[in-house]
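Trainee:
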Amino acid sequence: PAWRAVRGRVLTFLAPPLGAGDGASYRYLADGLVLARDGRIAAVGEASPLLATLPADTPVDHYPDGLVLPGFIDPHIHFPQTQVIASYGAQLLEWLERYTFVEEQRFADAAHAAEQAVFFFDELARNGTTTALAFCSVHPVSADAFFTEAERRGMGMLGGKVMMDRNAPPALTDTAQSGYDETKALIERWHGRGRQRVAITPRFAVTSTPEQLAAAGALKREHPDLLVQTHLSENHAEIETVRRLFPEATGYLDVYDRFGLTGERSLFGHCIHLTEAERRRMAETGSVAVFCPTSNLFIGSGLFEMGQAREAPAMRVAVATDVGGGTSFSMLRTLAEGYKVQQLLGRNWSALEAFHLATAGNAAALGLAGEIGTLEPGAFADLVVLDARATPVMANRMARIDGDLEEELFVLMTLGDDRAVRATYAAGRLIHAAS
Ligand code: GUN
Ligand code: FE
4 PAWRAVRGRV LTFLAPPLGA GDGASYRYLA DGLVLARDGR IAAVGEASPL LATLPADTPV
64 DHYPDGLVLP GFIDPHIHFP QTQVIASYGA QLLEWLERYT FVEEQRFADA AHAAEQAVFF
124 FDELARNGTT TALAFCSVHP VSADAFFTEA ERRGMGMLGG KVMMDRNAPP ALTDTAQSGY
184 DETKALIERW HGRGRQRVAI TPRFAVTSTP EQLAAAGALK REHPDLLVQT HLSENHAEIE
244 TVRRLFPEAT GYLDVYDRFG LTGERSLFGH CIHLTEAERR RMAETGSVAV FCPTSNLFIG
304 SGLFEMGQAR EAPAMRVAVA TDVGGGTSFS MLRTLAEGYK VQQLLGRNWS ALEAFHLATA
364 GNAAALGLAG EIGTLEPGAF ADLVVLDARA TPVMANRMAR IDGDLEEELF VLMTLGDDRA
424 VRATYAAGRL IHAAS
């Protein structure tokens with residue numbers, strides 16, 4: 004068997020999700036060791052006793068001040084949008100039309116998709132993200148490029164080609180039938196191949212006909228273990244458009260609900276402007292609302308109320324970058340903006356909760372609790388090693404912090420970015436190391 008050990012200050016969160024101020028459900032080892040065997044975690048514990056049990060030639064990567072955590076999970080990101088990050092001056096519908104729908108057309112070209120996939124996964128690894136749930140373009144070749152590159156690196160990824168059969172340029176539309184057929188073929192090619200998973204991906208209600216949403220619902224019935232990912236209630240003009248396109252529905256969420264697209268395996272990006280009834284229905288169906296703070300601020304969409312989401316009946320929530328509406332691949336930057344959004348709403352968001360959500364919480368949202376987002380034995384050895392003194396400002400601030408873990412995490416999420424990522428491991432393999 005292939006053994007690998009990572010030694011450092013080990014931190015992992017335990018399910019169930021942390022309640023506010025609940026410091027009990029994490030485990031911290033000041034000198035800990037994560038032992039991987041054939042890509043999965045075999046043991047976690049105090050370094051000295053564990054080291055004594057290892058085969059003599061086991062490689063041990065030692066990060067004395069490094070904080071070893073489960074790799075970050077990004078449950079909402081757009082693979083073909085890396086080159087639209089920082090596109091100026093538009094809110095959602097205009098941003099899609101003016102920038103995104105132009106850019107995504109380039110992913111019909113397999114060579115372009117393959118080249119961008121290299122960049123995309125380099126960027127995830129540099130930022131300590133080991134699993135993502137991604138929207139690819141409408142073209143199946145974009146999904147093939149995405150999964151091919153993920154597999155090459157041993158990273159466990161989830162994604163799907165977007166289904167969109169109206170209100171987009173002809174070069175970017177499929178049909179209800181071809182979207183169904185192409186997704187079906189992707190499932191056959193990629194779903195369950197190693198760590199890869201296909202997700203049913205109707206882009207959003209604006210760009211799908213009722214026939215296409217019905218086809219997505221059929222895919223979900225035929226493959227109940229697949230995730231569904233889409234967008235919901237991000238922007239007022241979008242919500243108005245959905246009302247106009249689906250006058251028979253009681254609201255935006257109801258459009259998805261009618262076609263069987265809600266449920267415990269459904270992730271809805273944004274969910275900023277839900278009505279009280281919609282929030283209740285999200286909770287009732289176990290659907291996940293994905294908070295995308297850098298995107299919501301950059302596109303000017305609005306403020307997601309984490310506190311309200313958690314009030315009974317509580318919605319399941321996740322947190323994600325939404326690149327390229329989002330402005331950073333870094334989950335640290337994402338948590339920082341998430342914190343600021345909650346501040347604008349007069350609420351707090353503790354660093355423990357934020358880090359829990361970016362790891363174990365997002366894993367649960369993907370239905371992968373115990374597989375990823377944790378350092379419990381049996382999980383994949385997907386790790387990130389963070390350095391809270393990575394920049395002069397961070398080091399200067401840390402000099403005033405006397406070993407308090409929660410304060411250190413808050414420094415990391417408020418001031419950290421890719422520079423704070425010392426190393427990233429996927430299934431026990433080093434996939435990024437800071438120079
Ligand atoms: N709604 C539909 N498509 C998109 C997209 O690509 N990005 C964002 N932020 N919202 C969307
Ligand atoms: Fe999105």
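Residue numbers for the sequence shown follow UniProt numbering, so the first one is 4 and each next one is one higher. Just so it is clear, CB atoms sit at the ideal spot from N, CA and C, and this is done for glycine as well.
Could you tell me which of Gly310, Leu95, Ala437 sits nearest to Ala393, measuring between CA atoms?
Mentor: Ala437
Trainee: Please classify Glu243: is it buried, with 16 or more other beta-carbons within 10 angstroms of its beta-carbon, or exposed?
Mentor: exposed
Trainee: For the ligand FE, I want to know if His81 counts as a neighbour, meaning its beta carbon is within less than 7 Å of at least one of the ligand's heavy atoms.
Mentor: yes
Trainee: Does Gly24 pass the burial test, meaning 16 or more other C-beta atoms within 10 Å, or should it be called exposed?
Mentor: Low confidence applies here, because Gly24 scores a pLDDT of 46, under 50, leaving its location unreliable and the question unanswered by this model.
Trainee: Contact check, Pro250 vs Arg283 under 8 Å by CB: the rounded distance?
Mentor: No, Pro250 and Arg283 are not in contact; Cβ-Cβ is about 22 Å, not under 8 Å.
Trainee: Does the beta carbon of Asp325 fall short of 7 Å from some heavy atom of the ligand COA?
Mentor: Of the ligands this structure carries, namely the ligand GUN and the ligand FE, none is the ligand COA.
Trainee: Is His435 buried or exposed, if buried means 16 or more other CB atoms sit within 10 Å of its CB?
Mentor: buried
Trainee: Got a sec, what are the start and stop residues for the alpha helix (DSSP H) Glu281 sits in?
Mentor: 279-288
Trainee: Take every Cβ of the segment 40-48, pair it with every Cβ of the segment 94-114, and state whether three or more of those distances are shorter than 8 Å.
Mentor: no
Trainee: Specify, as a first and last residue, the run of the beta strand (DSSP E) that Ala426 falls within.
Mentor: 424-429
Trainee: Exposed or buried, what is Gly26 when buried is set at 16 or more other beta-carbons lying within 10 Å of its beta-carbon?
Mentor: The predicted position of Gly26 is uncertain, since its pLDDT is 46 and thus under 50; a value taken from the coordinates is nonetheless stated next. That one is exposed.
Trainee: Can we count Thr330 as close to the ligand GUN, meaning its CB is less than 7 Å from some heavy atom?
Mentor: no
Trainee: Are the beta-carbon atoms of Gly348 and Glu308 separated by less than 8 Å?
Mentor: Inspection of the sequence shows that residue 348 is occupied by Leu rather than by Gly. It is a contact, given that the beta carbons lie within the stated cut-off.
Trainee: If we call anything under 8 Å between Cβ atoms a contact, is Leu136 one with Leu230?
Mentor: In terms of Cβ geometry, Leu136 and Leu230 form a close pair [threshold 8 Å].
Trainee: Let me check understanding here. Comparing Cα to Cα, which of Ala372, Ala368, Gly376 lies closest to Phe358?
Mentor: Gly376
Trainee: I'd like to check one pair, Ala292 with Phe262: are the Cβ atoms closer than 8 Å?
Mentor: No.
Trainee: Does DSSP put Asp34 in a helix, in a strand, or in coil?
Mentor: In the structure shown, Asp34 sits in a strand (DSSP, three-state: E or B).
Trainee: When DSSP labels each residue in this structure, what does Leu329 get in the three-state scheme?
Mentor: With the sequence shown as reference, residue 329 is identified as Gly, and Leu is not the correct amino acid for it. Strand at Gly329.
Trainee: Do you know offhand how far Asp112's Cα is from Gln84's?
Mentor: 15 Å
Trainee: Taking the beta carbon of Ser211 as the centre, do at least 16 other beta carbons fall within 10 Å, making it buried, or is it exposed?
Mentor: buried
Trainee: Which one of Gln345, Gly364, Pro173 has the shortest CA to CA distance from Glu100?
Mentor: Pro173
Trainee: Ala354 to Asp184, Cα distance in whole Å?
Mentor: Between the alpha carbons of Ala354 and Asp184 lies a gap of roughly 44 Å.
Trainee: With a threshold of 16 other CB atoms inside 10 Å of the CB of Tyr428, please say whether the residue is buried or exposed.
Mentor: buried
Trainee: My output table needs one value for Gly26: the three-state DSSP class, helix, strand or coil.
Mentor: Here Gly26 scores only 46 on pLDDT, less than 50, and its place in the model is too uncertain to base an answer on.
Trainee: Within 10 Å of its beta-carbon, does Gln119 have 16 or more other beta-carbons around it, so buried, or fewer, so exposed?
Mentor: buried
Trainee: Hey, how far is the Cα of Ser298 from the Cα of Val344?
Mentor: 11 Å
Trainee: In the DSSP assignment, the beta strand (DSSP E) including Gly162 goes from what residue to what residue?
Mentor: 161-163
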